[in-house]
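Residue numbering for the sequence shown follows the working numbering, starting at 3 and increasing by one per position. Glycine residues also receive a C-beta, built at the ideal position from the N, C-alpha and C atoms.
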Amino acid sequence: MPVLRGKDVRVLIGDGATPSEAFDPIGGEVTLQWGDSSAEFDTSSKDDGEFNLVSYAGRSVRFTMNGKVKLPDDGYERLIEVRNSSPPEATLQIKKGSIVLYEGTCGWGSNDTDFTNNQAGTWSAVAAPSAVPTINNLAATA
C-alpha cells in the first residue's frame, strides 16, 4: 500500500460550493495510505479444460489518513460536519507541496480523534471515492 507522509503532504476537504470550491487542510502534517483493488471474477466455462480464467471488475480505492490537529481547525471542523451529514460525502483533495495529486468526491467513513494533556491532538479518517475523481495523479508518487 503506497504511503505519503511529511510536512509537504496535505489532506484537504472541500466546502461543496459551486462553481469554485474552497478547500481547507485537515490539521497539519499527515500520513496518508491508499489501496487500489479490483474484485476477481471466474470467467471460465466447461470448455476451458483445466484453466480457471479470470477477469477483474472496476477499481476500488480506499484512503486511510491520520495526522496532528490543534483546535480550532477549519478543515477538522468540516470533517466533523461531513461525518454528521447524510450521506457523509465531501471532496477530498490530496496535495504534495503545491501539486494536487488527487481530487474527487468521497464518502467519509470512520473518524477517530485523541486529545491528550492539552497538546495537539491526533486524528484519523477513512474515505473512498463516491464518484469518478477529477484528478487522479497518485501513481506519480508510488
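Per-residue DSSP class, three states only, for residue i
i    : result
A19  : coil
K9   : coil
L94  : strand
A144 : With a pLDDT of 48 at A144, under the threshold of 50, the modelled position of that residue is not reliable, and the figure given next carries that caveat. Correct three-state label for A144: coil.
For residue i: DSSP bridge partner residues
i    : result
G69  : V32, W125
L14  : P27, Q95
F43  : S57
G37  : R64
N120 : None; N120 has no bridge partner.
N138 : Y104
P89  : For P89, which the question treats as bridged, DSSP gives no partner whatsoever.
A130 : G109
Classification of residue i by the beta-carbon crowding that lies within 10 angstroms, buried from 16 upward
i    : result
R12  : buried
G8   : exposed
E52  : exposed
P74  : exposed
P21  : exposed
I15  : buried
I101 : exposed
Element boundaries [alpha helix (DSSP H), containing residue i]
i   : result
D76 : 76-85
Opening and closing residue of the beta strand (DSSP E) in which residue i lies
i    : result
N113 : 101-116
Query raised in the report: Do the stretch 42-56 and the stretch 81-91 make contact, defined as three or more Cβ pairs closer than 8 Å?
Result: no
Query raised in the report: Are the stretch 18-33 and the stretch 67-80 touching by the rule of at least three beta carbon pairs closer than 8 Å?
Result: yes
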